Each structure stands twice: as structure tokens, then as C-alpha cells.
Amino acid sequence: MAKNEEKIDAKKLAEELLNDKTHGAEKVGPKEMKKAQRFAEGYKEFLNRAKTERESVTWAVEAAEKAGFVPFDPQKKYKAGDRVYYNNRGKAMCLAVIGKKGCKEGVRIAAAHIDNPRIDLKPIPLYEASEQALLKTHYYGGIKKFQWVAIPLSMHGKIVRKDGTEITVNVGEREGDPQFTITDILPHLGKDQMAKTMSEAFTGEDLNILVGSLPLENAQGEQLFKLNVMNILHEQYDIVESDLISAEISFVPAFKAVDIGFDRSMIGAYGHDDRVCAYPALEAIFQCKTPDHTAVTVLADKEEVGSIGNTGLCSEYLRYFVADLAAAEGLEARHVWSKSNCLSADVTAAYDPNYASAYEAGNSCYLNRGVGVAKYTGSRGKGGSNDASAEFLGWVRRLFDEHQVLWQIGELGKVDQGGGGTVALDISRLNADVIDVGVPVLSMHAPFEVVSKLDVYATFQAFKAYFEAK
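In my numbering, the protein residues as written are -17 to 452.
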């Protein structure tokens, strides 16, 4: 090296040119960490109150009305700052804050889903076998069946009687409530089960829920164990067996949301996917004052089974809602959609060192590094993916950096390992720019999932900045 040549400071150059790998807690500091802890307490309350899509909408309507939102009237003209919501059959929802520019330059949408993997009842579920009363089930969404046995379950849903009257059911969440379970064979007798693959050892028809073990008192005849359970249900809800045909009853883990770790940095609970994005998206729009562009939070049902039905985003309800907002301003809906954009608020996989072989470490999301951004999801060759444009991703990067939002980017595991999809594809079909943004999750789709409190708070900050952007 010549005497007059300066030695390159590689550390300084790396700080200028390479991605910053500083831990999120070090980046934000103790003040922001305390804010994240406080925000997590509200989220935990939501998790405990809203374990199904119906309960999530009920909670959201109550919270929205407290925040000044009123039911949307498509015949009415709204002014900047007005706050409206549309309740779609009690299972999906749209909320909007009207912007100063209205819809003419497009709307800003945060789209989350509020359904979760669970165990649903079959239409004719109750039966007895070997002096036990059980319920036949049909699981919902992508689950590992073995994770759902030998854990406490609670019962949620709605029953519509033959006369049309409706009953809301919630059993197993309150102190003193009975709970339920799916039994597993003891290891002492499990030789045959242990010799099978995981997918073979537990089948959908094996997931029968234990709900009773006593016969009807002072009675003779057949099916006394089934009859005893049905008699209890009749006394409590005034229903007969045929009323279960017109019911939507789900069984979910009875766990409460809890802090995880000696440092209390994480939250363990059922149903983070995707209520962990729904809650920040709701809180962001509740705190949205009078944005430049009309802001919309949509809560969707049925994402875990393909966004089907009239409450999933394959339905037209979001398109209709935006069309009505546009019509009130004398605009064509298609022109509004073509100028709109969306943060598809769904979770991503957090890097798990216990299963490192499933991830590509350099392109994974990590706990405590902030909200995860995914340019594309899908599987293998980007099948079923939205794949956001470089221009839109560039805009999102600048937005988050300008508002000091803690964020990271990653993929859902190794390329050929598997993959998954979100509602991004359904919204991009409407000619809007869409990108996936959400919280990294450990043990996704398990009955008990784990997230970082800092990441949850960063997700709220991301949606808030998005709604408030010029």
C-alpha cells in the first residue's frame, strides 16, 4: 500500500452501505419499549374477549362507536373527518375515516382477517359411545391435528332455533365454567399410534370432543349419556337437537393471553394469526383524525379457508363499500380503486432456531425487529402471490423510515419448503397496489402462538403512519 493511501474504515463503510442488524430494543430505546408494553395490555384484553370472527366484530363495533364511528349510510354524503363503519353479517367489517381529499386520489386500506384455525361442529354432532357423550367435528383451516388433543377447549358461537330466535354461546372462558377436550391415547398403549406418521396418527374423524360421562338421572332407555347432555343444553338454552343443525359452533383453546419470558417481552395466546394485525389496524383507524386520503380498515372472515363466502374477501363487500364512498363524491369506483393502495395486514413466520433448516436466515423476519414486510407470499415459484411492485415497496420503505417505524423484510421460509397466502391477492385484483405487512409469529397456527410486544406496537405505528401519510 502506498504511503499516501488511507486505510478504508470497513466498519464505517458497512454502516453506510449494509443493512442494519441492530436489535430492535436497542434501536427504539426504553421509552418506546414501555409504550409497547402498555399497548400489549390492550391487545391481550382483546385476545381474551374475541376468540372468533363474530366476537371480534362485536368487540370492534363497541370500540368503534366509543371512538365516534356510526353505521354507514350509502345514501348520505360525508365530510372530512366523518367516521363510519359497515358490519357485514356480524362476521366481517369495514371502517372508514373520510379524508380531506376524499376518494379522488384513492383510498388507503389496511386489510386484516379475524378468523383463526379452530374446531367446528358437524351439523349433527352429538353422539354417545362407551358411556361417554361426544361431539363430532370438522376442523377449520390449516392445523396440525395432534396439537389440538389433550388441551382445554372452550365453546363459542351462535345457535338459531327453528323459530328463528338466536342464542349466543360462550362456555369455558369465565371462571367456574366447564371446559372440554379431545382425548389422546396414553403412551403406555400408544405403540401403534407412535409407529404412524403425524398425518396418519390423527385424522379429522378422530377429533371428537368429550362433553359428558353421566347418564340421565332416574331414567331408563337408550342413549342416556347423549340424552343427559341434550337435556342440560335444553335447560340452559331452550334448544332441541335439531337446532344444532342451524348453528355455528366452534371450539377453541381455553388459554388466556399471557406474557412469555422472564423479560415479559412476548405474548403467548391462541389466534395471533391474524388478530395480532387486526387489533393494530383497528387502533390505528380509531386514532386517525382527519387524514388527507380516506382511510379504511377492513376485517375479513374466511381467510384461513381461501377467503370464500360472502364474508371473505373473495366476496364483493369491500369493493361495494369503496364504490359507495366513491359514488357519494360523484366518482367512478374503478377510478378510485386504480389509485388506491393497501397494506395487507397479515402475519409472517418468525425465524425459529429450533427449526432453522426450514428458513433462509438472511431473508427471514425475527422477533423484536419490527413489523414484517413481505414483497410476495405464495409458495415455491411465487404461486398464489401478489408480488408488490418495486415502486410501491419503495414508497412504503420511505414512509416507514420517515415516521421512524421499526420494520424488517423477509420471506415465509425457504423457497421450496412450502408457503402460504394472504388477502393481498384478492385486493390486488381490483387494480390497487398491495403489499403484505404484519407481525412475525412463532408456532403459527398452533393452539398457542407467540409474538413480540415490540413487533405488535411497531405494526400499530406502521398503520398509523400509513393512514396519516400525505
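Positions of the beta carbon are idealized from the N, C-alpha and C atoms, including for glycine.
Computed from a prediction, not measured in an experiment: that's the story for all the values here.
Rounded to whole angstroms, what's the CA-CA distance from residue i to residue j? Just pull it up for me.
i     : j    : result
A251  : D102 : 19 Å
F442  : E187 : 40 Å
A260  : Y219 : 32 Å
D145  : S371 : 53 Å
L240  : A32  : For the record, residue 240 in the displayed sequence is Val; it is not Leu. Answer to the nearest angstrom: the Cα atoms are 15 Å apart.
A464  : E8   : Given that the chain is displayed from residue -17 to residue 452, the structure contains no residue 464 and the question cannot be resolved.
N190  : L117 : 5 Å
K208  : Q114 : 8 Å
K(-7) : A18  : 31 Å
D334  : T276 : 38 Å
S361  : G194 : 43 Å
V151  : D159 : 12 Å
I290  : G203 : 44 Å
W130  : H5   : 34 Å
D(-9) : L394 : 35 Å
G401  : I221 : 43 Å
S322  : F21  : 29 Å
D166  : A310 : 57 Å
E450  : V39  : 24 Å
N210  : A111 : 13 Å
N70   : F51  : 15 Å
A(-4) : D97  : 43 Å
P46   : Y67  : Sequence inspection shows Ala at residue 46; the Pro mentioned does not correspond to that position. Roughly 8 Å between the two C-alpha positions.
G72   : V416 : 26 Å
G344  : W41  : 39 Å
Are residue i and residue j touching if we call contact CB-CB under 8 Å?
i    : j    : result
K86  : A62  : no
Q175 : L135 : no
G124 : P99  : yes
H138 : V234 : yes
A266 : K16  : no
S326 : T272 : no
S346 : G392 : yes
V423 : A315 : no
D283 : D418 : no
I91  : C270 : no
DSSP on residue i, reduced to helix/strand/coil?
i      : result
L281   : strand
G124   : coil
L117   : strand
R65    : strand
Y109   : strand
D306   : helix
M(-17) : Because M(-17) sits at a pLDDT of 49, beneath the cut-off of 50, its placement in the model cannot be relied upon, and the following sentence gives the value as read from the coordinates. Correct three-state label for M(-17): coil.
R90    : strand
I100   : Rather than Ile, the amino acid found at residue 100 in this sequence is Arg. Note: R100 maps to strand in three-state DSSP.
E(-12) : coil
E(-3)  : helix
M176   : helix
E393   : coil
A32    : coil
Y448   : helix
P273   : coil
P53    : strand
G186   : helix
L436   : helix
A370   : coil
G24    : helix
C76    : strand
E148   : strand
M15    : helix
E431   : strand
S38    : helix
V153   : strand
Give me the residue from the options with the minimum Cα distance to residue i.
i    : options                : result
R246 : L436, L300, T330, A74  : L436
A414 : W319, A372, T163       : W319
W389 : I106, A338, T330, A406 : T330
E223 : P107, K26, G376        : P107
A444 : A49, V405, L381, G392  : L381
K434 : F449, G243, E37, F303  : Checking the sequence shown, residue 434 turns out to be Ser, not Lys. Selected option, being the one with the closest Cα: G243.
L196 : N213, G403, S181       : N213
E298 : V52, A74, K16          : A74
R65  : A340, F268, D306, G365 : F268
T293 : G403, C76, G366        : C76
H254 : T272, T279, E286       : E286
D225 : K238, P262, T179, I141 : I141
F430 : E37, P12, I133         : I133
K59  : G363, G312, E23        : G312
L215 : F237, I164, I149       : I149
Is there at least one non-hydrogen atom of the ligand ATP closer than 7 Å to the beta-carbon of residue i?
i    : result
Y448 : The ligand ATP is not part of this structure, which contains no ligands at all.
Contained beta strand (DSSP E) runs [length at least 3] in the stretch 189 to 255, N- to C-terminal order: Within the stretch 189 to 255, the complete beta strand (DSSP E) runs of at least 3 residues are 191 to 194, 229 to 235, 240 to 242, 248 to 251.
Length at least 4, wholly inside the stretch 317 to 362: the alpha helix (DSSP H) runs in chain order: Runs of the alpha helix (DSSP H) spanning 4 or more residues and lying entirely within the stretch 317 to 362 do not occur at all.
Beta strand (DSSP E) runs wholly inside the stretch 372 to 423, at least 3 long, in chain order: You should have 389 to 391, 415 to 420.
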